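Participant: Numbering (this note's numbering), first residue to last: 2 to 203. Below you will find the structure I want to go over with you.
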Amino acid sequence: MQAVALESSLPVEVRESVGATENLKRLADPESPVSLALTQSDALSRYLDLHPGFQVDLEIFESIGKECIFVIADKNSGLRSEDDLRTPDAGHRLAIQSANSGSAVTFELMRKLAPDLGNTEVVYMDTQVAMEQLGTDSPDAVDAIMLVHRPKVRSPELRRALTEPERYRLVSFNNPDLGGKLPNGDPVYVSLDVPLIRNDWN
2 MQAVALESSL PVEVRESVGA TENLKRLADP ESPVSLALTQ SDALSRYLDL HPGFQVDLEI
62 FESIGKECIF VIADKNSGLR SEDDLRTPDA GHRLAIQSAN SGSAVTFELM RKLAPDLGNT
122 EVVYMDTQVA MEQLGTDSPD AVDAIMLVHR PKVRSPELRR ALTEPERYRL VSFNNPDLGG
182 KLPNGDPVYV SLDVPLIRND WN
């Protein structure tokens, strides 16, 4: 963010926060000195739903990169696309690291855009532990895990999925229902093909 601001000759003091939602709260607070905030597009969309008046004074300054949704399942689970997660009475369970994580905000908005994703139960737990239990008979086992991060971030879960293709698969998300628009007209979610070369992840 500092680099983007400097390109526009704006002095910036960086303040730490716990994440996108807190950043938006500070930006909306008239008593806060914050005038520029870093946030995810889906977190912004959710915040505007809860605080529609905030949009009046909002200007989207710059897009500084994309984040991707990665859903990892056991290869033999039958989960291949988000349509499988939307199937009624399938009883699928999806692990997300924390209720306070960006992934939780993302899936909450996805369920608003595609309500039948509510057919999948969310379980908040350590996603590395959940990944180890995929495809097992453990009573705590889920059917898939969900991560949200930059395309080239080498999270332990994504690294493992790519280096053990005989055990894991990435679930495809490419449905027009998961649209939605930001105030400037940009889509909240877009389909993106991410080139992932397994040899680079060893």
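For glycine and all other residues, C-beta sits at the position ideal for the given N, C-alpha and C. Note that the structure is a prediction, hence the values are computed from the model and not measured.
Does Thr-107 pass the burial test, meaning 16 or more other C-beta atoms within 10 Å, or should it be called exposed?
Facilitator: Classification for Thr-107: buried.
Participant: Tell me which residues share the same chain as Val-72 and place their Cβ nearer than 6 angstroms to its Cβ, disregarding the 5 neighbours each side in the sequence.
Facilitator: So the list reads Ala-145, Met-147 and Val-172, once near-sequence residues are dropped.
Participant: For Asp-194, I'd like the list of residues in its chain whose CB is within less than 7 angstroms of its CB, leaving aside the five on either flank, ordered along the chain.
Facilitator: Excluding positions up to five away in sequence, the list is empty.
Participant: With a threshold of 6 angstroms on Cβ separation, who are the neighbours of Met-132 within its own chain once the five nearest residues in sequence on each side are excluded?
Facilitator: Answer for Met-132: Ile-146 and Glu-158, listed in chain order.
Participant: Determine the DSSP secondary structure at Thr-190, reduced to helix, strand or coil.
Facilitator: The sequence as given places Tyr at residue 190; Thr does not occur at that position. Of the three classes helix, strand and coil, the one that applies to Tyr-190 here is coil, per DSSP.
Participant: Grab the span of the alpha helix (DSSP H) containing Phe-108 for me, first residue to last.
Facilitator: Looking at the DSSP string, the run of the alpha helix (DSSP H) that includes Phe-108 is 103 to 114.
Participant: Under the rule that 16 or more other beta-carbon atoms within 10 Å means buried, what is Val-123, buried or exposed?
Facilitator: By the 10 Å Cβ count, Val-123 comes out buried.
Participant: What does Asp-158 pair with, by DSSP beta-bridge criteria?
Facilitator: The displayed chain sequence assigns Glu, not Asp, to residue 158. None; Glu-158 has no bridge partner.
Participant: What are the start and end residues of the alpha helix (DSSP H) that includes Arg-94?
Facilitator: Where Arg-94 is concerned, there is no enclosing alpha helix (DSSP H), although the beta strand (DSSP E) it sits in stretches over 94 to 97.
Participant: In angstroms, rounded to a whole number, what distance separates the CA positions of Ala-91 and Ala-74?
Facilitator: Their Cα atoms are separated by approximately 15 angstroms.
Participant: Around the Cβ of Asp-141, are there at least 16 other Cβ atoms within 10 angstroms (buried) or fewer (exposed)?
Facilitator: When all chains shown are included, Asp-141 counts as exposed.
Participant: Quick check: what's the CA-CA separation for Thr-40 versus Leu-59?
Facilitator: Rounded to the nearest angstrom, the two C-alpha atoms are 13 angstroms apart.
Participant: Which whole-angstrom value is the C-beta distance of Thr-128 and Leu-86, which I expect to be below 8 angstroms?
Facilitator: Going by Cβ atoms, the distance from Thr-128 to Leu-86 rounds to 16 angstroms, so no, they are not a contact pair.
Participant: What are the start and end residues of the beta strand (DSSP E) that includes Val-143?
Facilitator: Premise fails: Val-143 is in no beta strand (DSSP E) and is neither H nor E.
Participant: Which value, in whole angstroms, describes the spacing of the CA atoms of Val-154 and Glu-68?
Facilitator: The straight-line gap from Cα to Cα measures roughly 10 angstroms.
Participant: Kindly list the residues whose CB is nearer than 7 angstroms to the CB of Ser-156, restricted to its own chain and excluding five residues on each side of it in sequence; keep chain order.
Facilitator: Here the set comprises Leu-148 and His-150.
Participant: Ignore the nearest five residues each way along the sequence and tell me which others in Gln-134's own chain have a CB closer than 8 angstroms to its CB.
Facilitator: Within the same chain, Gln-134 has close Cβ partners Asp-141, Ala-142 and Val-143.
Participant: Taking just the CA atoms, how far does Val-130 sit from Ala-105?
Facilitator: Computed Cα separation, rounded: 17 angstroms.
Participant: For the beta strand (DSSP E) holding Gly-122, just list the boundary residues, first then last.
Facilitator: What sits at residue 122 in the sequence shown is Glu, not Gly. Looking at the DSSP string, the run of the beta strand (DSSP E) that includes Glu-122 is 122 to 125.
Participant: Do Arg-27 and Val-15 have their CB atoms nearer than 8 angstroms?
Facilitator: Result no, Cβ atoms of Arg-27 and Val-15 do not sit closer than 8 angstroms.
Participant: Cα-Cα, which of Gly-103, Ser-102, Arg-81 and Ala-100 is closest to His-93?
Facilitator: Measuring from the Cα of His-93, the nearest candidate turns out to be Arg-81.
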